[in-house]
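Worksheet for the structure shown next.
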Amino acid sequence: MSAGNYLVWIDLEMTGLDPEKERIIEMATLITDSELNLVAEGPVIALHQPDSLLNAMDEWCTRTHGESGLTKRVRESKVSAAEAEQQTLAFLKEHLEPGKSPLCGNSIGQDRRFLVKYMPELEDFFHYRNLDVSTIKELGPPLASGRVGRRKEKGQPPGPGRHS
Numbered sequence: 001m002s003a004g005n006y007l008v009w010i011d012l013e014m015t016g017l018d019p020e021k022e023r024i025i026e027m028a029t030l031i032t033d034s035e036l037n038l039v040a041e042g043p044v045i046a047l048h049q050p051d052s053l054l055n056a057m058d059e060w061c062t063r064t065h066g067e068s069g070l071t072k073r074v075r076e077s078k079v080s081a082a083e084a085e086q087q088t089l090a091f092l093k094e095h096l097e098p099g100k101s102p103l104c105g106n107s108i109g110q111d112r113r114f115l116v117k118y119m120p121e122l123e124d125f126f127h128y129r130n131l132d133v134s135t136i137k138e139l140g141p142p143l144a145s146g147r148v149g150r151r152k153e154k155g156q157p158p159g160p161g162r163h164s
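Under full-length UniProt numbering, read the sequence shown as residues 1 to 164, first letter to last.
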């Protein structure tokens, strides 16, 4: 299979949802082929962040990242966002050409906002397209029931967004 047909899956954990105020605290990367067979597993990296950011996390992040041990790993980590970006780029460049693979993941649009802000070189490595698993999860039931995807009017152009 051509490296241009590979999918890159990234999962970020952050201190919150606003890239203007929050930071990336962990990232994981996988490469699969178009049939979702694992091609390569990249590093899982905890990124150091100051206690001031970790102590300001909302209740959900504090509980979830605390219970998983992530907050402790972040405090102990010596890896900066720039170092994590370069490690991930090095991994991707072993397997892929820049600009060919879409960025994939759950709510990947949110992760991409953080990549634009804190890891622009990594974000630029990907094709502009996204494969967002959360969209598939949202549309799965309506698609399976046949409620989505059928055009009723024949020969008429669709209204804006109606048949996207």
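Every residue gets a Cβ at the ideal spot worked out from N, C-alpha and C, and that includes glycine.
{"Item": "For Val-74, is the classification buried or exposed, using 16 other Cβ atoms within 10 angstroms of its Cβ as the cut-off for buried?", "Value": "buried"}
{"Item": "Using the rule of at least 16 other Cβ atoms within 10 Å of the residue's Cβ for burial, across every protein chain shown, is Ile-136 buried or exposed?", "Value": "exposed"}
{"Item": "According to DSSP, is Leu-122 helix, strand or coil?", "Value": "helix"}
{"Item": "Across which residues does DSSP place Val-44 in a beta bridge pair?", "Value": "Ala-28"}
{"Item": "For Phe-126, which residues from the same chain have a beta carbon less than 7 Å from its beta carbon, with the 5 sequence-adjacent residues on both sides left out?", "Value": "Val-8, Ser-101, Pro-102, Leu-103"}
{"Item": "By the three-class DSSP mapping on this structure, what secondary structure does Gly-109 have?", "Value": "helix"}
{"Item": "Could you tell me the distance, in whole angstroms, from the CA atom of Pro-98 to the CA atom of Tyr-118?", "Value": "19 Å"}
{"Item": "Please list the terminal residues of the continuous beta strand (DSSP E) segment that includes Asn-130.", "Value": "130–132"}
{"Item": "Which residue from Pro-142, Arg-112, Ser-134 puts its Cα closest to that of Tyr-128?", "Value": "Arg-112"}
{"Item": "Got a sec, what are the start and stop residues for the beta strand (DSSP E) Leu-12 sits in?", "Value": "7–14"}
{"Item": "Does DSSP put Leu-96 in a helix, a strand or coil?", "Value": "coil"}
{"Item": "For Ser-80 and Leu-143, I'd like the C-alpha separation in whole angstroms.", "Value": "42 Å"}
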